[in-house]
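Reading through the structure tokens given below for one structure.
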Amino acid sequence: MSNRYAIILAAGQGTRMKSKLYKVLHPVCGKPMVQHVIDQVNQLQIEDIVTVIGHGAEKVQEQLGDSCKYALQEQQLGTAHAVMQAESVLSAKSGTTLVICGDTPLIKAETMKELIALHEQSQAKATILTAYADNPAGYGRVLRGEGGLVEKIVEHKDASEEERYVKEINTGTYCFDNQALFSALQKVSNENVQGEYYLPDVIEILKEEGEVVTAFQSSEFEETLGVNDRVALSQAEQILRKRINEKHMRNGVTIIDPLTTFIEADVQIGQDTVINPGSFIKGKSIIGQDCLIGPNTEISNCEIGDGTEVLQSVVHESSIGSFVKIGPFAHVRPQSDIKDSVKIGNFVEIKKTVFGKGSKASHLSYIGDAEVGENVNIGCGSITVNYDGKNKYLTKIEDNVFIGCNSNLVAPVTVGEGAYVAAGSTITQDVPQQALSVARARQVNKEDYVKNLKFNK
Ligand code: UD1
Ligand code: MG
1 MSNRYAIILA AGQGTRMKSK LYKVLHPVCG KPMVQHVIDQ VNQLQIEDIV
51 TVIGHGAEKV QEQLGDSCKY ALQEQQLGTA HAVMQAESVL SAKSGTTLVI
101 CGDTPLIKAE TMKELIALHE QSQAKATILT AYADNPAGYG RVLRGEGGLV
151 EKIVEHKDAS EEERYVKEIN TGTYCFDNQA LFSALQKVSN ENVQGEYYLP
201 DVIEILKEEG EVVTAFQSSE FEETLGVNDR VALSQAEQIL RKRINEKHMR
251 NGVTIIDPLT TFIEADVQIG QDTVINPGSF IKGKSIIGQD CLIGPNTEIS
301 NCEIGDGTEV LQSVVHESSI GSFVKIGPFA HVRPQSDIKD SVKIGNFVEI
351 KKTVFGKGSK ASHLSYIGDA EVGENVNIGC GSITVNYDGK NKYLTKIEDN
401 VFIGCNSNLV APVTVGEGAY VAAGSTITQD VPQQALSVAR ARQVNKEDYV
451 KNLKFNK
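Here UniProt numbering is used: position 77 in the sequence shown is 77, and no number is missing along the way.
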């Protein structure tokens with residue numbers, strides 16, 4: 001096996017996206033396109049990955065971090081010019097170089113491996129990944145000559161009417177002999193409709209020099225989709241969504257309606273979990289086994305244990321234990337830590353709160369900036385009054401506390417272990433352990449008051 005390198009082209013603005021966001025940073029199933037490409041390339045044994053950046057360089061670098069090296073393309077003069085920017089890092093090396101566009105987020109590592117294998121077996125100087133497109137408009141066309149051998153690639157805008165009938169397209173992914181690539185790049189001109197230095201022209205140059213150029217036909221056009229505008233972006237989203245849902249189903253997750261289930265690329269889900277329609281599971285969420293999620297639920301960046309139910313609810317950036325019941329219609333906001341066997345019922349909002357094992361807030365409560373112990377019962381309509389208009393304060397509710405309905409706990413305040421708070425109380429001072437605290441006006445009954453009202457006489 002020769003040394004392997006990869007160049008990812010990500011310097012373009014993406015004019016056709018008509019967006020403030022640089023094209024390769026547009027997410028597909030929650031992850032920027034270029035990150036999808038890097039994640040796949042990272043599954044291969046590659047010595048150096050060089051990402052060519054230009055438009056939005058800082059943002060792209062921020063996204064990819066130190067997962068690759070970078071080459072800056074100050075002016076975007078075309079894909080050949082982009083590859084040329086990796087010269088200082090790679091040109092002295094020998095081996096195989098994989099070149100991929102940062103706007104083809106669906107290409108799988110498996111296909112890249114097959115492409116590299118074919119390239120190395122056939123000892124070619126260049127191997128193009130091609131595909132058949134029902135509608136090839138916009139793509140470079142692969143022109144084959146005698147015996148079906150690849151001759152050159154012609155860009156859509158430069159193609160004759162006859163050439164535009166060709167349905168075999170250049171996917172923008174190639175393998176090159178590294179030395180041959182950098183020497184052929186010197187000869188690419190920009191005499192074409194767009195006035196750009198086209199990378200695909202390297203094919204014709206190598207061919208004319210008598211070098212072996214081959215093509216590897218991908219069996220699936222969908223995988224090679226290039227995203228140049230928002231229509232293609234939505235197509236990529238759909239294709240990847242289907243792929244992600246199928247992966248989970250094959251791993252033993254039941255998805256009742258894949259068409260209305262949106263699971264982002266990096267989500268993990270355990271066996272025998274059931275996902276009901278209208279569910280969005282995002283970011284780096286990890287969901288355990290035997291859970292019931294949805295319908296109409298949004299979960300992002302959460303870790304959820306086994307056997308937990310999240311029904312018709314929104315849960316963000318939190319840790320949720322096992323055998324927890326959330327919803328229907330609950331909202332768990334970031335930095336919450338919900339332990340095992342907790343119940344967060346309907347119309348309950350939780351924020352930045354540790355909720356101890358076996359505790360319950362079953363109806364209509366707001367619990368924010370709080371530490372709730374184990375086996376606590378928070379009655380309907382209870383509220384932690386955590387904000388004075390300027391600062392936020394902590395409410396501590398120790399183990400085995402019972403908070404009566406419609407209580408206000410004005411923070412900072414502690415309700416001691418085992419204490420009771422009477423319904424309707426507004427607690428402004430700490431409640432000692434095992435105490436009953438009643439903090440409300442006493443009831444006064446005025447006998448016959450109504451009967452004696454003037455207008456009742
Ligand atoms: C390119 C190919 C086309 C192929 C298609 C597959 C060329 C000339 N054409 O066309 O044959 O069918 O991809 O999707 O290569 N980029 C830079 N610097 C530049 C120009 C582009 O880094 O100066 C990057 C872009 O950020 C993008 C990638 O290269 O990620 C491809 O550029 P794009 O403009 O999308 O090329 P296509 O028109 O799609
Ligand atoms: Mg493109």
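Glycine is no exception: its CB is placed at the ideal position from the N, C-alpha and C atoms.
Asked                                                                                                                   : Found
Proximity of His316 and Tyr197 at Cβ, strictly below 8 Å                                                                : no
The ligand MG heavy atom lying under 7 Å from the CB of residue 460                                                     : For residue 460 there is no data in the structure shown, the boundaries of the chain being 1 and 457.
DSSP state of Leu409 mapped onto helix, strand, coil                                                                    : strand
Assigned secondary structure, Ile38 (DSSP; H/G/I helix, E/B strand, else coil)                                          : helix
Environment of the ligand MG in chain order, Cβ to heavy atom below 7 Å                                                 : Cys101, Asp103, Gly172, Gly226, Val227, Asn228
Exposure label - Gly288; buried when at least 16 CB within 10 Å                                                         : buried
Local conformation of Lys325 per DSSP, three classes                                                                    : strand
Boundaries (first-last residue) of the beta strand (DSSP E) holding His363                                              : 360–363
Whole-angstrom distance between Leu44 and Asp306, CA atom to CA atom                                                    : 33 Å
Neighbourhood of Asn276 by C-beta distance below 7 Å, restricted to the same chain and skipping five residues each side : Ile256, Ile293, Gly294, Pro295
Residue range of the alpha helix (DSSP H) that includes Val231                                                          : 230–250
Cβ shell of Gly56 (< 7 Å), same chain only, five flanking positions each side left out                                  : Tyr22, Leu25
Val376 to Ser279 span [Cα, whole Å]                                                                                     : 30 Å
Closest by C-alpha distance to Ile38, when choosing among Gln13, Ala6, Lys59                                            : Ala6
beta-carbon Thr51 near the ligand UD1 non-hydrogen atom, thresh 7 Å                                                     : no
Secondary structure of Leu118, DSSP reduced to three states                                                             : helix
Residue nearest to Gln429 in terms of C-alpha spacing, selected from Ala423, Val166, Ser437                             : Ser437
Range of the contiguous alpha helix (DSSP H) that encloses Gln61                                                        : 57–64
Residues of its chain near Ala71, where Cβ-Cβ distance is below 6 Å and the 5 sequence neighbours each way are ignored  : Val50, Val52, Gln85, Ala86
Entirely enclosed beta strand (DSSP E) segments - the stretch 285–340, minimum 3 residues                               : 298–300, 314–316
Lys23 Cβ short of 7 Å to the ligand UD1 heavy atom set                                                                  : yes
Exposed unless 16 or more other CB atoms sit within 10 angstroms - verdict on Tyr174                                    : buried
Same chain, Cβ closer than 8 Å to Val410, five either side skipped, listed in chain order                               : Val385, Thr426, Ile427, Thr428
Collapsed DSSP secondary structure at Ala11 in the structure displayed                                                  : coil
Asn276 CB to nearest heavy atom of the ligand UD1 below 7 Å                                                             : no
Contacting residues, own chain, Cβ-Cβ under 6 Å from Gly404 (five flanking each side not counted)                       : Gly379, Val421, Ala422, Ala423
Residues sharing a beta bridge with Glu191, DSSP                                                                        : Glu191 is not bridged to any residue.
Local Cβ density within 10 Å of Val253, reported as buried at 16 or more and exposed below that                         : buried
Rounded straight-line distance, which links the Cα of Gly30 to that of Gln434                                           : 49 Å
Nearest to Ser285 (by Cα), restricted to the options Gln271, Val267, Thr273                                             : Val267
Opening and closing residue of the alpha helix (DSSP H) in which Gln179 lies                                            : 178–185
Proximity below 8 Å, CB of Asp103 to CB of Gly226                                                                       : yes
According to DSSP, residues forming a beta bridge with Gln433                                                           : Gln433 pairs with nothing; no bridge assigned.
Inter-residue Cα distance where the pair is residue 461 and Ile299                                                      : Only positions 1 to 457 of the chain appear in the structure, and residue 461 is not among them; the question remains open.
Closest by C-alpha distance to Glu155, when choosing among Thr96, Leu118, Asp201, Gly145                                : Asp201
Residue nearest to Glu374 in terms of C-alpha spacing, selected from Tyr387, Thr353, Tyr366, Ile128                     : Thr353
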